[in-house]
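Take a look at the structure below.
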């Protein structure tokens, strides 16, 4: 995902400036980069969870996220699921 972010930035500021920033280490530990990556990651999961109930990996395994009545989850439910999953990822996926 860092690669995609760098491609987007390169489109805005140009390849020469991007190479200069990367070599200088200016993008390492950048809070803006981390924030953008977090939003992009949430957008990916939220889009799949709220529309089809499945990400691409979930489709392979036949797993679906849905409400008890079979309807798709809301954006708020997707946000809650995403926030809880971050805790699981921080524990090396043990939750």
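Numbering (the numbering used here), first residue to last: 16 to 110. Each residue gets a CB set at the ideal place from its N, CA and C atoms; glycine is no exception. Note that the structure is a prediction, hence the values are computed from the model and not measured.
Residue 79 vs residue 68 beta-carbon contact at 8 angstroms: yes
If you check the beta carbons only, do residue 60 and residue 18 fall under 8 angstroms apart? no
Within 10 Å of its beta-carbon, does residue 76 have 16 or more other beta-carbons around it, so buried, or fewer, so exposed? exposed
According to DSSP, simplified to helix, strand and coil, what is residue 50? helix
Is the Cβ-Cβ distance between residue 66 and residue 93 less than 8 angstroms? no
Among 101, 104, 90, 109, which residue has its Cα nearest to the Cα of residue 64? 90
I'd like the ranges of any alpha helix (DSSP H) spanning at least 4 consecutive residues and lying wholly in the segment 46 to 90. 46 to 66, 71 to 76
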